[in-house]
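Everything below concerns the one structure shown next.
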Amino acid sequence: MRISAGNSPVCVWPNKTKKSGYFMNHGFLQDVLAGLRLPQKALPPKYFYDAQGSEYFDKICELDEYYPYRTELALLPEVAQELKQYVAQQPIESIQLVEFGAGSLRKVKPLLQELSLIKEFVALDISGEHLKKASADLAESFPDLQIKVAQGDFTKPIELELSEATSMGFFPGSTIGNFEPEEASDFLRNARATLGEGSYMLLGVDTKKDQQMLERAYNDSKDITARFNKNILTRMNRELDANFHLDQFEHLAIYNQDLGRIEMHLRSCIQQEVQIAGESFQFKEGETIHTENSYKYHPEEFDQLASSAGWQREKIWLAPDGIFAIMLLHNADNVRD
Numbered sequence: 001m002r003i004s005a006g007n008s009p010v011c012v013w014p015n016k017t018k019k020s021g022y023f024m025n026h027g028f029l030q031d032v033l034a035g036l037r038l039p040q041k042a043l044p045p046k047y048f049y050d051a052q053g054s055e056y057f058d059k060i061c062e063l064d065e066y067y068p069y070r071t072e073l074a075l076l077p078e079v080a081q082e083l084k085q086y087v088a089q090q091p092i093e094s095i096q097l098v099e100f101g102a103g104s105l106r107k108v109k110p111l112l113q114e115l116s117l118i119k120e121f122v123a124l125d126i127s128g129e130h131l132k133k134a135s136a137d138l139a140e141s142f143p144d145l146q147i148k149v150a151q152g153d154f155t156k157p158i159e160l161e162l163s164e165a166t167s168m169g170f171f172p173g174s175t176i177g178n179f180e181p182e183e184a185s186d187f188l189r190n191a192r193a194t195l196g197e198g199s200y201m202l203l204g205v206d207t208k209k210d211q212q213m214l215e216r217a218y219n220d221s222k223d224i225t226a227r228f229n230k231n232i233l234t235r236m237n238r239e240l241d242a243n244f245h246l247d248q249f250e251h252l253a254i255y256n257q258d259l260g261r262i263e264m265h266l267r268s269c270i271q272q273e274v275q276i277a278g279e280s281f282q283f284k285e286g287e288t289i290h291t292e293n294s295y296k297y298h299p300e301e302f303d304q305l306a307s308s309a310g311w312q313r314e315k316i317w318l319a320p321d322g323i324f325a326i327m328l329l330h331n332a333d334n335v336r337d
C-alpha cells in the first residue's frame with residue numbers, strides 16, 4: 001500500500017496568503033468578487049466543498065428525498081460486473097483509475113472490488129482535508145492498491161504522470177450536471193487530454209424526469225441542503241473577511257423546465273449591505289445569489305455533449321424507470337479534435 005500527496009506531480013495546492021490570523025485563498029476571493037459584481041449575482045459551486053460542506057453533502061446523500069446517490073450506488077455493482085466482462089474483451093493489461101471530485105470515495109469501492117486490473121488509483125478533489133481521511137480509509141480496505149491523492153481544481157486541465165496502464169476516469173454522482181453545457185464539454189475535453197489516447201471515462205448522469213421528484217431532492221425536509229447552500233456564506237465569512245448574516249438569507253431550489261436544470265439560490269430576506277475583503281455589495285429584498293445548477297439530460301442529449309468533446313459512448317446502464325444513468329465513454333484512438 002502506498003499513498004502519496006503534497007509532492008505528487010498531480011498535486012495542485014491553492015495559492016494562499018496569511019492575513020489577520022487566517023489564510024486567504026486568492027482564487028476563491030477573485031471568483032467571489034467577480035460573481036457578486038454580476039447583474040445576477042452568482043458563485044461557483046466548487047466552493048461548496050470545504051471540509052464542512054463535504055460533510056453536509058455526505059449527509060444529503062443519506063436523505064430519502066435525494067435519489068441520485070442511492071440510485072447510483074445500487075446500480076454500481078451491476079456496472080462493475082459488466083465492466084469487468086467488457087474490459088476482459090479489450091487489449092487492457094492494467095488500469096489506472098482516476099476519480100475526478102473524489103470526495104468520500106464511497107462509490108469507487110465496487111469498482112475496486114470487482115476489477116482486479118485496477119492497480120493504481122488517483123483521487124482528485126478540491127477539499128484536501130476530506131480527501132486525505134477518505135484515502136487513508138480506502139488504503140486499509142485495499143492494501144495492495146497504489147493510491148495517489150491530489151488537492152486541486154479538477155475542472156481545469158491537470159497533467160498526470162501516466163503509467164503504462166490504460167487510464168480510466170471516474171466521475172460519479174451526476175456532478176457533470178453542475179457545469180453549464182459548454183463547461184461540461186470543456187471538462188470532458190480536458191479530461192480526455194489528461195487521460196490520454198485509448199482512455200475511458202465512467203460517469204453518472206441524472207436524467208430528465210418528473211418536476212416534483214427533482215425539486216424534492218433539493219428541498220429536503222431536514223433542511224440539510226439549505227445548510228449546505230448557506231455554508232458557502234459561512235466559508236466567505238471565515239476565509240474572506242465577509243460579514244454575511246446567515247439568518248438574512250434563505251435557501252431556494254427550483255426546476256427550470258426550459259433549461260432542463262435545477263437552480264439553487266440564496267435569497268436575501270431583507271434589503272442589506274454585505275462587505276467582503278473591504279468591498280461592499282448591496283442586496284435588495286428578494287434578490288438572489290445563484291449558487292448552483294444541476295442539469296438533467298436525456299441519454300441522447302448527453303451523447304451529443306460527449307461527442308463534442310471527442311468521446312464515444314460504449315455502454316449505458318439505466319436505473320429502474322430510467323431515473324439515472326451511468327455511461328462508459330471511450331477516447332478512441334481514431335477520434336481527433
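In this text, residue positions in the sequence shown follow my numbering: the first is 1, and each later residue adds one. A virtual CB, placed ideally from N, CA and C, is assigned to each residue, including glycine. Computed from a predicted structure; not experimentally measured.
Taking 8 Å as the upper bound for CB-CB distance, Phe142 and Gly101 are not in contact here, some 20 Å apart.
With respect to the 8 Å criterion, Val274 and Ala309 are not classified as neighbours on the basis of their beta carbons.
DSSP places His245 outside both helix and strand once states are collapsed to three, so it counts as coil.
Shown here, Thr155 sits in coil according to DSSP, grouped into three states, outside any helix or strand. When DSSP states are grouped into helix, strand and coil, Lys208 belongs to the coil group. Look at Asp220 here: in three-state DSSP terms it is coil, with no helix or strand label. Proximity to Ala150 across Val98, Glu292, Arg189 peaks at Val98, based on C-alpha coordinates. Looking at the backbone, the Cα of Thr225 and that of Leu252 are separated by about 10 Å.
In this structure, DSSP gives Phe142 a state outside helix and strand, which the three-state scheme calls coil. In the assembly as shown, Leu115 is a buried residue. Its beta-carbon has 16 or more other beta-carbons within 10 Å. Secondary-structure assignment with DSSP links Leu305 through no beta bridge to anything. The beta carbon of Ser94 sits closer than 6 Å to the beta carbons of Leu117, Lys119, Ala165 from its chain, once the five residues preceding and following it are set aside; these are given in chain order. Residue burial annotation: Asp50 is buried, with at least 16 other C-beta atoms found within 10 angstroms of its C-beta.
Per DSSP, the unbroken alpha helix (DSSP H) holding Gly27 starts and ends at 26-36. Following the DSSP letters along the chain, one finds Glu279 in no alpha helix (DSSP H) but inside the beta strand (DSSP E) bounded by residues 279-283.
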